[in-house]
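Colleague: Following the numbering used here, the numbering of the sequence shown begins with 51 at its first residue and continues without gaps.
In this text, a Cβ means the ideal position worked out from N, Cα and C, and glycines have one as well.
Sharing a structure below in structure tokens format, with a few things to ask.
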Amino acid sequence: MKYENVDRLLQGLVDKGLPGCTLHIAQHGKMLYEGCFGYSDVENREKLQYTSVFRMASMSKLPLYTTLMILYERGLLIMDDPISKYFPEWKTSKKVIKDSNGKEQVVDTNRPILVKDVMTMACGLPYCMPFMKDSQNYTERSMASCMAPLWEKGSYDLREEIKAMSGAVLAFEPGTHWMYGYSSELAAGLIEAICDKPANDVFADILFKPLGMTDTAPHFFGDIKERMVCLYAEKPDGTFELTNTDMDLKHDPDPKYRAGNPRLFSTGRDYSRLMSMLANGGELDGVRIMGRKTIDLMRTNTLNEQQLIDFTDEYNKGYGYGYGVRTLLNKSQGNNNGSLGAFGWTGGFGTWCEADPEDGVSIVFMQNLFPALNGNVHGQIRAAAYGIIE
Numbered sequence: 051m052k053y054e055n056v057d058r059l060l061q062g063l064v065d066k067g068l069p070g071c072t073l074h075i076a077q078h079g080k081m082l083y084e085g086c087f088g089y090s091d092v093e094n095r096e097k098l099q100y101t102s103v104f105r106m107a108s109m110s111k112l113p114l115y116t117t118l119m120i121l122y123e124r125g126l127l128i129m130d131d132p133i134s135k136y137f138p139e140w141k142t143s144k145k146v147i148k149d150s151n152g153k154e155q156v157v158d159t160n161r162p163i164l165v166k167d168v169m170t171m172a173c174g175l176p177y178c179m180p181f182m183k184d185s186q187n188y189t190e191r192s193m194a195s196c197m198a199p200l201w202e203k204g205s206y207d208l209r210e211e212i213k214a215m216s217g218a219v220l221a222f223e224p225g226t227h228w229m230y231g232y233s234s235e236l237a238a239g240l241i242e243a244i245c246d247k248p249a250n251d252v253f254a255d256i257l258f259k260p261l262g263m264t265d266t267a268p269h270f271f272g273d274i275k276e277r278m279v280c281l282y283a284e285k286p287d288g289t290f291e292l293t294n295t296d297m298d299l300k301h302d303p304d305p306k307y308r309a310g311n312p313r314l315f316s317t318g319r320d321y322s323r324l325m326s327m328l329a330n331g332g333e334l335d336g337v338r339i340m341g342r343k344t345i346d347l348m349r350t351n352t353l354n355e356q357q358l359i360d361f362t363d364e365y366n367k368g369y370g371y372g373y374g375v376r377t378l379l380n381k382s383q384g385n386n387n388g389s390l391g392a393f394g395w396t397g398g399f400g401t402w403c404e405a406d407p408e409d410g411v412s413i414v415f416m417q418n419l420f421p422a423l424n425g426n427v428h429g430q431i432r433a434a435a436y437g438i439i440e
């Protein structure tokens, strides 16, 4: 009876045209609810399954920052260290400012970028795309200029990218603002520098294998490619159509592009194991992955007043930002029936997750749309999910 509202909500999304979605709600490491609605392939009427594989996009950041927090608690990472300890070419940086006449000037930063700036999206670099070479934004043009030789080269690794990007002009003094973007590439680079192996291999060793996450990886293997859901785009009339993306090329076992933030794929059940571990104080099924107090630090708000202004939009109302995760600060601002300190993130194709250590609850919602159909959907799902918690 208590699950009917959740079923009704998800079926309603599909009835309104959403191709398909899954939802997984667990508490204290035990699955309370699983729902699977719609199609993985609408055109061929292939039903969505719990084994269907989704593109995680920016929800790849949860394993990334969780791994860094584990390295921190092992004494391998010091938050106040400059990143030049790992990347010598980043010893000094420049930033763009405006003088009294509004003219842009490039000056030295007052201090170097620290590990904590990378962990909290405060290093002053957005994401970088080739089209930014013509941007009106000074930092974006600078980043695109730094990357142009590598883009022309076509094949490069993360270390090459980070070295090239060291010449980019920051958008602000490190640690003074919040800006989503290139911090995650630097974060992956830190993992590789500390562990002396590709970040994806470290994820597997530290998280995926111990947690039994057998369907989560950056590359195709076995029948994973055949289980990938189709990617759809919303049309102006509110219906959806199959769309193409070159992102899937980066899942090839031997991709030309090897740099940047790891872009994982996973199933709802697999990813739920990661979130259950985080909600359960760092342990799942008797396997200890990390300490409870480290998770508490990870979900502690790091934003000052200005950074909170930078971060807050309609979607993130009531949340702050911890170490790589969104964290709930004010329930009434976000009309949120979860617990203070609940944390998680969202993927660009509409995936969404949250872990709530206060009640031991984890929620994982999967869909694959481009652009993501977020709106109030994630808030509705969160409200319905917490509605079944006793």
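To the nearest angstrom, how far is it from the Cα of Met81 to the Cα of Ile438?
Modeller: Numbered from its first residue, the sequence shown carries residue 81 at position 31. Numbered from its first residue, the sequence shown carries residue 438 at position 388. Each residue's Cα considered, the two are about 12 angstroms apart.
Colleague: Does DSSP classify Gly70 as helix, strand or coil?
Modeller: Against the sequence shown, residue 70 aligns to sequence position 20. Strand, per DSSP.
Colleague: Only counting the same chain, and skipping five residues up and downstream in sequence, which positions put a Cβ closer than 8 angstroms to that of Arg323?
Modeller: For the purposes of this step, residue 323 is identified with residue 273 of the sequence shown, where counting begins at 1. Around Arg323: Leu261, Gly262, Met263 and Leu334.
Colleague: Could you check which residue in Pro248, Tyr230 and Val64 has the C-alpha nearest to that of Asp207?
Modeller: Position 157 of the sequence shown, counted from the start, is the residue given in the question as residue 207. Of the listed residues, the one whose Cα sits closest to Asp207 is Pro248.
Colleague: May I have the straight-line CA-CA distance separating Leu118 from Ile345, to the nearest angstrom?
Modeller: Your numbering for residue 118 matches position 68 in the sequence shown. Your numbering for residue 345 matches position 295 in the sequence shown. Using only the alpha carbons, I get a separation of about 11 angstroms.
Colleague: Go ahead and pull the three-state DSSP assignment for Ala433.
Modeller: By one-based count along the sequence shown, residue 433 stands at place 383. DSSP places Ala433 in helix when its eight states are reduced to three.
Colleague: May I have the straight-line CA-CA distance separating Met278 from Gly368, to the nearest angstrom?
Modeller: Locating residue 278 in the sequence shown gives position 228, where the first residue counts as 1. Locating residue 368 in the sequence shown gives position 318, where the first residue counts as 1. Rounded to the nearest angstrom, the two C-alpha atoms are 34 angstroms apart.
Colleague: DSSP three-state call for Gln155: helix, strand or coil?
Modeller: Along the sequence shown, one-based indexing puts residue 155 at 105. Residue state, collapsed to three classes: strand.
Colleague: Quick one: residues in its chain with C-beta nearer than 7 angstroms to the C-beta of Gly331, no 5 flanking neighbours on either side, listed in chain order?
Modeller: Here residue 331 corresponds to residue number 281 of the sequence shown, with the count starting at 1. So the qualifying residues of the chain are Arg342, Ile345 and Pro407.
Colleague: Quick check: the stretch 234-244 against the stretch 182-189, are at least 3 beta-carbon pairs closer than 8 angstroms?
Modeller: In short, these stretches do not touch, since the Cβ pair count stays below three.
Colleague: Counting along the chain, where does the beta strand (DSSP E) carrying Ile147 start and finish?
Modeller: Translated into positions along the sequence shown, residue 147 becomes position 97. Note, Ile147: beta strand (DSSP E), Lys144 to Lys148.
Colleague: Restricting to runs no shorter than 4 residues, where is the alpha helix (DSSP H) found entirely within the stretch 152-219?
Modeller: For the stretch 152-219, whole alpha helix (DSSP H) runs of length 4 or above, ordered along the chain, are 165-169, 188-203 and 208-215.
Colleague: When the Cα of Asp265 is compared with those of Arg105, Lys52 and Gly372, which residue comes out closest?
Modeller: The residue labelled residue 265 in the question sits at position 215 within the sequence shown. Ranking Arg105, Lys52 and Gly372 by Cα distance to Asp265 puts Arg105 first.
Colleague: Which runs of the alpha helix (DSSP H) fall wholly inside the stretch 52-111 and span at least 4 residues, in chain order?
Modeller: List check, alpha helix (DSSP H) in window: 54-65.
Colleague: Measuring alpha carbon to alpha carbon, tell me which of Leu59, Ser102 and Tyr83 ends up nearest Lys275.
Modeller: Sequence index remark: in the sequence shown, residue 275 carries index 225 (1-based). That would be Ser102, whose Cα lies nearest to the Cα of Lys275.
Colleague: What residues are listed by DSSP as bridge partners for Phe415?
Modeller: Within the sequence shown, residue 415 is the residue found at index 365, counting from 1. Answer is Leu73 and Trp402.
Colleague: Counting along the chain, where does the beta strand (DSSP E) carrying Leu376 start and finish?
Modeller: Within the sequence shown, the letter at position 326 stands for residue 376. Note that residue 376 is Arg in the sequence shown here, rather than Leu. Its beta strand (DSSP E) spans residues Arg376 to Leu378.
Colleague: Keeping to the same chain, check which residues put their C-beta closer than 6 angstroms to that of Leu127; ignore five residues upstream and five downstream.
Modeller: Your numbering for residue 127 matches position 77 in the sequence shown. So the qualifying residues of the chain are Leu121.
Colleague: On the DSSP letters alone, give me the boundaries of the beta strand (DSSP E) that Leu127 sits inside.
Modeller: Locating residue 127 in the sequence shown gives position 77, where the first residue counts as 1. No beta strand (DSSP E) contains Leu127, which DSSP labels as neither H nor E.
Colleague: Is Glu408 helix, strand or coil by DSSP?
Modeller: Here residue 408 refers to the residue found at position 358 when the sequence shown is read from its first residue. DSSP places Glu408 in coil when its eight states are reduced to three.
Colleague: Report yes or no: do three or more beta-carbon pairs, one from the stretch 375-392 and one from the stretch 51-62, lie closer than 8 angstroms?
Modeller: Counting Cβ pairs under 8 angstroms, fewer than three are found: no touch.
Colleague: For the alpha helix (DSSP H) containing Leu314, name the first residue and the last one.
Modeller: Taking the first residue of the sequence shown as position 1, residue 314 is located at position 264. Premise fails: Leu314 is in no alpha helix (DSSP H) and is neither H nor E.
Colleague: Closer than 6 angstroms by C-beta to Gly310: which residues in its own chain qualify, once you throw out the five before and the five after it? Chain order, please.
Modeller: If you number the sequence shown from 1, residue 310 lands on position 260. Annotation note: pLDDT 46 at Gly310 (below 50); position unreliable, no value reported.
Colleague: If Tyr115 and Val375 are in contact, beta carbons under 8 angstroms, what's the gap, nearest whole angstrom?
Modeller: Looking up residue 115 in the sequence shown gives position 65. Looking up residue 375 in the sequence shown gives position 325. Rounded, the Cβ-Cβ distance is 6 angstroms, consistent with contact.
Colleague: Nearest to Glu364 by CA position, among Gly372, Gly174 and Gly384, is which residue?
Modeller: Stepping through the sequence shown from its first residue, residue 364 is reached at position 314. Checked all of Gly372, Gly174 and Gly384; the closest Cα to Glu364 is Gly384.
Colleague: From the DSSP secondary-structure annotation, give me the bridge partner or partners of Thr396.
Modeller: Position 346 of the sequence shown, counting from 1, holds the residue named residue 396. BP columns for Thr396 point to Trp402.
Colleague: Kindly provide the ranges of any beta strand (DSSP E) runs that are 3 or more residues long and lie completely inside the stretch 327-370, ordered along the chain.
Modeller: Segments of the beta strand (DSSP E) lying fully in the stretch 327-370: there are none.
Colleague: Label Gln356 either buried or exposed according to how many other C-beta atoms from any shown protein chain fall within 10 Å of its C-beta, with 16 as the threshold for buried.
Modeller: What you label residue 356 is simply residue 306 of the sequence shown in a count that begins at 1. Exposed, by the Cβ-count rule.
Colleague: Using the Cα positions of Asp158 and Ile75, report the straight-line distance between them to the nearest angstrom.
Modeller: To locate residue 158, count along the sequence shown from 1; it is residue 108. To locate residue 75, count along the sequence shown from 1; it is residue 25. C-alpha separation (whole angstroms): 48 angstroms.
Colleague: If you scan the stretch 234-279 from start to end, which runs of the alpha helix (DSSP H) of 4 or more residues do you find wholly inside it?
Modeller: Here the runs fully enclosed are 249-253 and 274-277.
Colleague: Pair every Cβ in the stretch 215-223 with every Cβ in the stretch 141-149, then say whether three or more of these pairs are closer than 8 angstroms.
Modeller: Short answer: they touch.
Colleague: Could you compute how far the alpha carbon of Tyr230 sits from the alpha carbon of Phe399?
Modeller: Walking along the sequence shown from the start, residue 230 turns up at place 180. Walking along the sequence shown from the start, residue 399 turns up at place 349. Each residue's alpha carbon lies about 17 angstroms from the other.
Colleague: Would Gly152 be called buried (16 or more neighbouring beta carbons within 10 Å of its own) or exposed?
Modeller: In the sequence shown, the residue the question calls residue 152 occupies position 102. The residue in question, Gly152, is exposed, as its Cβ has fewer than 16 Cβ neighbours within 10 Å.
Colleague: Ordered along the chain, which non-local residues of its own chain (more than five positions away) have a Cβ less than 6 angstroms from that of Glu190?
Modeller: The residue you call residue 190 lines up with position 140 of the sequence shown. The answer, listed in chain order, is Met182.
Colleague: Within 10 angstroms of its Cβ, does Gly288 collect 16 or more other Cβ (buried), or is it exposed?
Modeller: Locating residue 288 in the sequence shown gives position 238, where the first residue counts as 1. Classification of Gly288: exposed, given that the 10 Å Cβ count is below 16.
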